[in-house]
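Asker: Heads up: the sequence shown is residues -22 to -1, 1 to 263, going by mature numbering (1 follows the signal peptide of the UniProt record, and there is no 0).
Even glycine gets a Cβ: it sits at the ideal position worked out from N, Cα and C.
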Amino acid sequence: MEPYLHSLVMLGTLALTGTCAGSHSLRYFSAAVASPELAEPRFLSVGYVDDQLFVRFDSARASPRMEPRAAWMERMDREEPGYWERSTRRSEANAQVSRAGLRHLRRYFNQSEAGVHILQAMSCCEVSPELTFRRGFLQFAYDGRDYPALDTETSTWTAAVPQAVNSKRKWEAERSISEGDKAYLEETSVLWLKKYLEMGKETLQRAEPEPFSPWFIVGVIAVLLLLITVIARVVIWRKKKSGGQDCEGALREQAPWRSWLPLTRSLSFCPHILSFPSKGLSDGP
C-alpha cells in the first residue's frame, strides 16, 4: 500500500491508541488531502478525550463547522458561550494553513500538482491520574513519511527528512512558534482536558470504562467510512493514471511505508493535533 494510503488508515487506527493506566489524554488528528479531482484540498480534523471521539470538522460538508461527537459535548454552548463558533473559525484557519503547507511541500519535494498528496498532523496532551501534565507530543507527516516533530524539552524541531530542514529552520528562526506549541501542550491543553473530563465524567472517569461505548463505536465507524471513501477514490484515480494496471500490482511495486514511530530522547508517542503551523498552535480549545 502506498504511503498516503497508509497515512489515511493511520488517522483512524491511531485514534484507538490508549494512554497509560490511570492517565487521561486530549488528542487531535488532522489530514489535508490534495488530489486532481478536488477543487481544493479536503481538510479533516477529529478530537479525542482518552479513546472517545468528541469533536469533528470536515471541510467537505455543505456548511463546514466543528461538530460535537459525544453526547456530553451537546451542552458546551451553555458551559462556554461561543465555543462552537470559535472552534469552527479555528478549524477553517487550520484548513487554510494546511493547504498552504501542501503547496510549500510540493515545492520542497519538487512535485507537480497532478499527484495525490496528504499532510497529516497529530498532537497529544497526557495528564497523570492527579490531572497534572505528564507528556506532550506534536508531529507532522507528509505522504506517510515523518516530517518535523517538536522536542518539547528544547523547544526545537527534529527534521526527519532532508526536505524538512527548510521548515525546521523557518520555525526555529521564529522562537515564538515552538514556545507557543509547548505552552499549548503543557498548559492550555491541560486546562481544556480538565474541563472535558468534568463535563463527560459519567463516561470518561469510570473506574472500569466500558470497552466499547455506543458513541465510541459511532465515531470510529464515521472516521473509517470517510477513510474508505477517500482511499477508494485515490485507488480509482491511480488505476486510471496507470492505464488500467491492476491496483494490487501497482501498490505492491511501491516501497514499504515507514510508520510514525516514537522519537528518541524525551519525546513519547502520544498524539493531540492541529495543522501545519504558520505561527504555532492557537490558544483555544
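Since Y120 and L97 should fall inside the 8 Å C-beta cutoff, what is the C-beta to C-beta distance between them, to a whole number of angstroms?
Answerer: 6 Å
Asker: With three or more beta-carbon pairs closer than 8 Å as the criterion, would you say the segment 20 to 30 touches the segment 72 to 82?
Answerer: yes
Asker: Can we say the segment 54 to 68 touches the segment 7 to 21, given the rule of at least three CB pairs closer than 8 Å?
Answerer: no
Asker: Answer with yes or no whether the minimum CB distance from P140 to chain C is below 8 Å.
Answerer: Annotation note: the requested chain C is absent from the structure, which comprises a single protein chain.
Asker: Could you work out which residue in H2, F7 and G(-1) is closest to Q117 when comparing CA atoms only?
Answerer: F7
Asker: Would the beta-carbon of V139 fall within 8 Å of that of D129?
Answerer: no
Asker: For S90 and Q141, what's the separation of their Cα atoms in angstroms?
Answerer: 16 Å
Asker: Quick one: what does DSSP say A78 is sitting in, helix, strand or coil?
Answerer: If DSSP states are grouped into helix, strand and coil, A78 belongs with the helices.
Asker: Candidates R43, D55, V143 and W135: which alpha carbon is nearest I155's?
Answerer: Nearest of R43, D55, V143 and W135 to I155, Cα basis: W135.
Asker: How is D36 classed by DSSP in three states: helix, strand or coil?
Answerer: strand
Asker: Is M44 helix, strand or coil by DSSP?
Answerer: coil
Asker: Spatial neighbours of A38 within its chain, please: CB distance less than 6 Å, with the 5 preceding and 5 following residues excluded, ordered by chain position.
Answerer: R20, listed in sequence order.
Asker: For V168 and L109, what's the separation of their Cα atoms in angstroms?
Answerer: Approximately 8 Å between the Cα atoms of the pair.
Asker: Could you pull the DSSP bridge partners for Y120 from this structure?
Answerer: Looking at the DSSP assignment, Y120 forms a beta bridge with L97 and R123.
Asker: Terminal residues of the continuous beta strand (DSSP E) containing L4?
Answerer: H2 to A12
Asker: Leaving aside the five residues before and after K160 along the sequence, list all residues of the same chain whose C-beta is less than 8 Å from its C-beta, in chain order.
Answerer: G114, L128, T130 and S133
Asker: Per DSSP, what kind of secondary structure is D29 in: helix, strand or coil?
Answerer: Coil.
Asker: Which class does L128 belong to by DSSP, given the choice of helix, strand or coil?
Answerer: strand
Asker: Could you tell me the boundaries of the beta strand (DSSP E) in which W135 lies?
Answerer: T134 to T136
Asker: Given this structure, state the Cα-to-Cα distance separating G93 from F87, to the nearest angstrom.
Answerer: 12 Å
Asker: Give me the DSSP bridge partner(s) of S23.
Answerer: S8 and F35
Asker: Strictly by DSSP, which residues pair up with F115?
Answerer: C102
Asker: Relative to the alpha-carbon of E15, which residue among H82, H95 and C103 has its alpha-carbon at the smallest distance?
Answerer: H95
Asker: Between which two residues does the alpha helix (DSSP H) carrying A161 extend?
Answerer: R153 to A161
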